[in-house]
Amino acid sequence: GDPPSSNLTPFARELHARWGNDFQPYQIRRAEDVRAVESLGAGWRHLDHLDCIYRLNLLTQEPLVQKNEDLFASPPIAEHDLLARVNQTLKKIIPIEALVYCPLGVGGHLDHAFTRFAAENLTCELRYYADFPYAAQSGIDINAWLPESAAMTHETVLDEGLAAWQNAVACYTSQI
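Here the sequence shown stands for residues 723 to 898, numbered as in the working numbering.
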């Protein structure tokens, strides 16, 4: 979603500057999403919900994220209403016979964890992937992030698949 550009938190403004785009970097990232996903021959849909750096804690009316460490805090109870709205949207647009891949939430990034919680409330088949770059950090045990009933599997990736993934990742120039 598009946050109100006139009322950004100091942390959101700091991130915009760090990303080299003080004005609406989310529009650039959505365009990167489209290029990446279309390069893989897949469809896409952006929802209108805000990234965690733009959301408020509805109980306190304070910014949800005020410093970098807040990006990796436990999701607050105030996010339950948003989670319910996201779940309603996903249930409308994702068929029950779909196979959905979602982040494990490795590293605890708020939006990755939020996405996982939303996906786990769907009734379709669910597969998890280890979040990069968090999964590559030393000392990370991927198994610790798996749900109780899940087991780690490994998929063989062909050279063509690896090249396609690398080309899609290269579409995210604002994040490299």
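Where is the CB? At the ideal position from N, CA and C, for every residue including glycine.
Considering only residues of the same chain and omitting the five flanking positions on each side of N865, which have a CB-CB separation below 8 Å? Taken in chain order, the residues that qualify are M874.
Please check if any C-beta of chain B sits within less than 8 Å of the C-beta of R767. The structure shown contains no chain B; it is built from a single protein chain.
Check the DSSP bridge columns for P825 and list the partner residues they point to. DSSP lists Y851 as the beta-bridge partner residues of P825.
Looking at L848: is its Cβ nearer than 8 Å to the Cβ of V822? Less than 8 Å separates the beta-carbon of L848 from that of V822.
Flag F794 as yes when its Cβ comes closer than 7 Å to any non-hydrogen atom of the ligand FMN, and as no otherwise. Of the ligands one can find in the structure shown there are none, so the ligand FMN has no counterpart to examine.
Option in S761, H768, T782 with minimal Cα separation from R752: Selected option, being the one with the closest Cα: H768.
With distance defined between alpha-carbon atoms, name the residue in L762, N729, E760 nearest to Q746. Of the listed residues, the one whose Cα sits closest to Q746 is N729.
Report the partner residues of L778 according to the DSSP bridge assignment. Bridge partners of L778: P785.
Answer yes or no: do G723 and H771 have a C-beta to C-beta separation smaller than 8 Å? Taking 8 Å as the cut-off, the beta carbon of G723 is found closer than this to the beta carbon of H771.
The alpha helix (DSSP H) with Y748 in it runs from where to where? DSSP places Y748 inside the alpha helix (DSSP H), whose first and last residues are 747-761.
Helix, strand or coil at D833 according to DSSP, with G and I counted as helix: For D833, the three-state secondary structure derived from DSSP is helix.
Quick one: what does DSSP say Y719 is sitting in, helix, strand or coil? Here the chain has residues from 723 to 898 only, and residue 719 is not among them.
Over what stretch of residues does the alpha helix (DSSP H) that includes R807 continue unbroken? 802-815 is the span of the alpha helix (DSSP H), which, as asked, contains R807.
Please report the distance separating the alpha-carbon of E805 from that of F836. The sequence given here has Leu at residue 805, not Glu. The alpha-carbon atoms of L805 and F836 are separated by roughly 7 Å.
Contacts around I816, its chain only, beta-carbon distance under 7 Å, and the 5 residues preceding and following it disregarded: Result list for I816: V822, L844, C846, in chain order.
Reduced DSSP secondary structure (H/G/I, E/B, other) of S728: In the displayed model, S728 falls within a helix according to three-state DSSP.
N743 (DSSP reduced to helix, strand or coil): Of the three classes helix, strand and coil, the one that applies to N743 here is coil, per DSSP.
For R735, collect the residues of the same chain with a Cβ closer than 6 Å to its Cβ; drop the 5 residues on either side in sequence, then sort them by chain order. So no residue of the chain qualifies.
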